[in-house]
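243 is the number that my numbering gives to position 243 of the sequence shown; each next residue is one higher, with no gaps. C-beta atoms are modelled at their ideal positions from N, C-alpha and C, and glycine is treated no differently. First the structure, in the form of C-alpha cells, and then the observations on it.
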Amino acid sequence: SVEYAIIINANINLRKCKLIFRIYYNTCLVLETDRGHATHAIHAASLRPPIPGKGSLLKTFQWMKTELSQDNVVAATWDLGTQLNVLGGVKTIIDPDHYIQHWILLYYRHVFLAQSEQEALSFLKTHHATHLMLTDIGVAFNSERYSVLGSDKNNDREFKFHKLKKIDTPIGTPIRIVPKLQVIPLVYTDIAAQTHEDVTVTANFRNHKPVSKTFRLNTNRETKKAIDVEIGGLILYFDIKKRLRNVYYVPPIGWSCLAVKLFMRDEYSEAFVPVYPNNNDDIAEVKVWEIHYPSEIETDEKYLATEPKGSRHKFRKH
Numbered sequence: 001s002v003e004y005a006i007i008i009n010a011n012i013n014l015r016k017c018k019l020i021f022r023i024y025y026n027t028c029l030v031l032e033t034d035r036g037h038a039t040h041a042i043h044a045a046s047l048r049p050p051i052p053g054k055g056s057l058l059k060t061f062q063w064m065k066t067e068l069s070q071d072n073v074v075a076a077t078w079d080l081g082t083q084l085n086v087l088g089g090v091k092t093i094i095d096p097d098h099y100i101q102h103w104i105l106l107y108y109r110h111v112f113l114a115q116s117e118q119e120a121l122s123f124l125k126t127h128h129a130t131h132l133m134l135t136d137i138g139v140a141f142n143s144e145r146y147s148v149l150g151s152d153k154n155n156d157r158e159f160k161f162h163k164l165k166k167i168d169t170p171i172g173t174p175i176r177i178v179p180k181l182q183v184i185p186l187v188y189t190d191i192a193a194q195t196h197e198d199v200t201v202t203a204n205f206r207n208h209k210p211v212s213k214t215f216r217l218n219t220n221r222e223t224k225k226a227i228d229v230e231i232g233g234l235i236l237y238f239d240i241k242k243r244l245r246n247v248y249y250v251p252p253i254g255w256s257c258l259a260v261k262l263f264m265r266d267e268y269s270e271a272f273v274p275v276y277p278n279n280n281d282d283i284a285e286v287k288v289w290e291i292h293y294p295s296e297i298e299t300d301e302k303y304l305a306t307e308p309k310g311s312r313h314k315f316r317k318h
C-alpha cells in the first residue's frame, strides 16, 4: 500500500505535490499502443502519439527478473518503483511505498533533467544505482510534469514536447508542419524527400535563419529521427512505409537534458551502456542502461537529504 503524506512546507510548491499524485494516478491506467498503418513514402499520417502499452513494461520487468539480481538498483521515475520491486525483482531509489518526496524532486532535477552526465552520475552513485530505466511515455508525454517537479522556483528546467500538426499544401510541395499554438520560436517546418531514401527537414524560426538538415531513411521498420535544429530539436516518427506519423518540437533546455539525450536522441555514452532491448530498436517503448561510473565521479551527501534545507514539514498519514 502507499503511505500518503500531506506536506505543509513553504519551500515546496503545491503544484508539485499535485503533480506527483497525478503522475501516480495516470500510471495506473492501462494504455495500449496504436501503431497505425502506412501507404506512401513520407506522406503525413494521422498525428497520434505512440503510447507505450502494458506489455512493453511487463516484458522489461520479466527481462530484469531473469537478467538482473535482487541487489541491482534501477533508477526510474517513482511511479514505476513498486512494479520494479515486485515484478522486476530489483531495488529502486524512489517508489510509492517509500515516500520521500525530496528524493523524487532530486531525481527529476539531477537525473531526468540533468544538464551533464556528471551531474546525473553523482546522484546515481550516491544512491548505488546500477541501471537507469526510461519510458517514452515518461520522456515525451510526462516531460512537462517531471520538469516542473525538477525545476527551481524560477522554473529553470521546465519544458514540454510540443506536438506539431500538418497543414494542407499543394501537391508536389514539401509537407509543412506547424505548431498548434504559436508559443514556441519555431514557426513552421518543411519536410521533403530528396531521393527515395534522403529526407530534408527545414526548420523556420522567428528572428533566426532557417536550419536545414538531411538524413537517410532507409529502413523497412518503424523508426524515429532526432534532428538538432540549433534552437532545440525535432523528433520525427515514421512508419514501415516511410510515412510520417508524428513530429514534436523540443525546446533547448529539454533537448539538452539527459533523458532526452539518451532516450530520444540515442546519444552514445561510455557511462550509460544500453542493455535493453538488445535489438537496437530506436522506437522501443522502454529502455534500460547499465551504469559504468568513471573513476572521477564522487558521491555527494546532499543527494541523501530527505528535505530541503531550512524546511519545516508537518505530516498527516492517511
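Scanning the stretch 56-113 for uninterrupted alpha helix (DSSP H) segments of 4 residues or longer gives 101-107, listed from N- to C-terminal end.
Annotation: S212 is outside any alpha helix (DSSP H); the continuous beta strand (DSSP E) that includes it extends over 208-216.
Contact annotation: E197 and R216 have beta-carbon atoms nearer than 8 Å. Out of D156, L58, V247, K309, the CA that lies nearest to the CA of I167 is found in V247. Closest in alpha carbon position to V199, among L121, P210, R243, F161, is R243.
In the three-state DSSP reduction, I253 falls in the helix class (H, G or I).
With 16 or more other Cβ atoms inside 10 Å of its own Cβ, A120 counts as buried. Collapsing the DSSP output to three states places L164 in a strand.
Of the residues R245, A203, F272, E307, the one whose Cα lies closest to the Cα of I227 is A203. Membership of L234 in the beta strand (DSSP E) is indicated by the continuous run 233-238.
Rounded to the nearest whole angstrom, the C-alpha separation of G232 and L304 is 32 Å. The beta-carbon distance between A76 and T92, rounded to whole angstroms, is 6 Å. This is short enough to meet the 8 Å contact definition. Taken through DSSP and simplified to helix, strand or coil, A120 comes out as helix. The beta carbon of L186 sits closer than 7 Å to those of P179, A203, F205, Y249, all from its chain and outside the five residues before and after it, given in chain order.
Note that the C-beta distance between N85 and D95 is below 8 Å. Taking C-beta atoms as the reference points, I235 and R157 fail to come closer than 8 Å.
For E144, the enclosing alpha helix (DSSP H) begins and ends at 143-149. A distance below 8 Å separates the beta carbons of E117 and S269.
Residue pairing from DSSP places F272 in a beta bridge opposite I291. Taking the Cα positions, F272 is about 43 Å away from G172. In chain order, P174, T200 place their CB closer than 6 Å to the CB of A192, counting only its own chain and leaving out the 5 sequence neighbours on each side.
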